[in-house]
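Numbering (full-length UniProt numbering), first residue to last: 1 to 353. Ideal Cβ placement from N, Cα and C applies to all residues, glycine included. Read the structure below first, then the notes.
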Amino acid sequence: MLLSGLSTLNYRNLAPDTLEFPAGVTGVFGENGAGKTNLLEAAYLALTGLSDVTRLEQLVQSGEKEAYVRADLHQGGSLSIQEVGLGRGRRQLKVDGVRVRTGDLPRGSAVWIRPEDSELVFGSPSGRRGYLDALLSRLSARYAEQLSRYDRTVSQRNAALRAGEDWAMHVWDEALVKLGTEIMLFRRRALTRLDDLSREANAALGSRKTLRLELTESTTPETYAHDLAARRAEELARGATVTGPHRDDLLLTLGDFPANEYASRGEGRTVALALRRAELELLAEKFGERPVLLIDDFTAELDPGRRSFLLDLAASVPQAIVTGTERAPGAALTLRAHAGRFTPELDMAEVGV
Ligand SMILES: Nc1ncnc2c1ncn2[C@@H]1O[C@H](COP(=O)(O)OP(=O)(O)OP(=O)(O)O)[C@@H](O)[C@H]1O
């Protein structure tokens, strides 16, 4: 995949502009607050339609009502124009001028690596579940659909529990078991490959401890209906569904211990990078093309092994955009970021200085 152009209008602190990106590595460097992360965030949004902000308004430049990003994406030998319009609480997506839904955008188009990925290891189970669900939703439109149906069913069932509607529970349970079982089975299948790829990546990062990925499940496909019935009284008392894949965790074991409790900060960072590389490999396997790689702040990576892993990874894909407070070595294009603007820097060797 290649992102040949990115246009932004009223996006966070970015000045309205259209940037062209070559194949290979584009390095974006500049001072803190220059807009480097915002550029990658805009690229990720335009490529995938995805954003993890809690309110879409955050993406709109303060003082403005609407924002717009556009990606010119080359995949499978053809060019498509992907546009995202953002307004108060809504996002509108178009591909080649036609309105589409998020799931209709190419699902393997980008992977974004950020310093805050360590939260995947040390943060809450919901963050790890979010990583898994986001990845599986990109691998399978069916998974995305069933997951959102399942989440809606949990909310509706919770409302019925709070209203004490014991008589209606068998209807909700039936829907929940059907959707939840499909989700659990899909997760189990995908985890086998994700586990292999993450372990390989963790070893490639120089870790001497073996990484293992497992699901900790609050129930199983075989026992779901029974487990729901067994906890009915407790769920009615709490007014919440406590059994099902929305309560599962992705257990990361490093060596003999859970990484979230025992890993050092550096080991945790290595595990997070391994998870992202596994994501990249899985998407490439599924869609037959390597995603555009967005690496935010490679200079935050102080460990030389992890830093060169990041730069090698950037060099291994058809295209990567790598930000930092220093220039990324070996870049095909270097952009200097300042106050939301990005200016090409001449290669001093090329101009004979
Ligand atoms: N909606 C918005 N409107 C205007 N400015 C915004 C908006 N959202 C964020 N900003 C500003 O964008 C600026 C740039 O942020 P960004 O995170 O992209 O910087 P950065 O270059 O990645 O910096 P660092 O090197 O510290 O990570 C911040 O100063 C922030 O206040």
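7 angstroms CB neighbourhood of residue i in its chain, flanking five on each side removed
i    : result
E20  : S4 and G5
N202 : L211, T270, V271 and A274
A263 : V121, L254 and V271
T219 : D227, T243 and G244
D195 : R212 and L213
Continuous alpha helix (DSSP H) stretch holding residue i: start and end
i    : result
Q61  : It is not in any alpha helix (DSSP H) - Q61 carries neither H nor E in the DSSP assignment.
K36  : K36 to T48
A134 : P125 to L139
N- and C-terminal bounds of the beta strand (DSSP E) containing residue i
i           : result
residue 407 : Given that the chain is displayed from residue 1 to residue 353, the structure contains no residue 407 and the question cannot be resolved.
residue 380 : Not covered by the structure: residue 380. The range shown for the chain is 1 to 353.
P344        : R341 to E345
L14         : Note, L14: premise wrong, no beta strand (DSSP E); not H, not E.
E83         : S78 to G87
T323        : Q319 to G324
R99         : V98 to V100
R247        : From DSSP, R247 is part of no beta strand (DSSP E); its letter is neither H nor E.
L93         : R90 to V95
Cβ neighbours of residue i in the same chain (closer than 6 angstroms, five flanking residues each side left out)
i    : result
A197 : The sequence as given places Leu at residue 197; Ala does not occur at that position. Excluding positions up to five away in sequence, the list reads A278 and E281.
A240 : N158
L283 : G108 and P291
Status (buried if at least 16 other CB within 10 Å, exposed otherwise) for residue i
i    : result
K65  : exposed
Q58  : exposed
G164 : exposed
A46  : buried
W112 : buried
F309 : buried
Q92  : exposed
A320 : buried
M1   : buried
E234 : exposed
R55  : exposed
W172 : buried
A238 : Position check: residue 238 holds Arg in this sequence, whereas Ala was assumed. By the 10 Å Cβ count, R238 comes out exposed.
Which of helix, strand or coil DSSP assigns to residue i
i    : result
L9   : strand
F257 : strand
A110 : strand
A337 : strand
V292 : strand
R276 : helix
Which full runs of the beta strand (DSSP E) of 3+ residues lie inside the region 170-231, going along the chain? For the beta strand (DSSP E) assignment, the uninterrupted runs of no fewer than 3 residues enclosed by the region 170-231 are, from N- to C-terminal side, 211-216.
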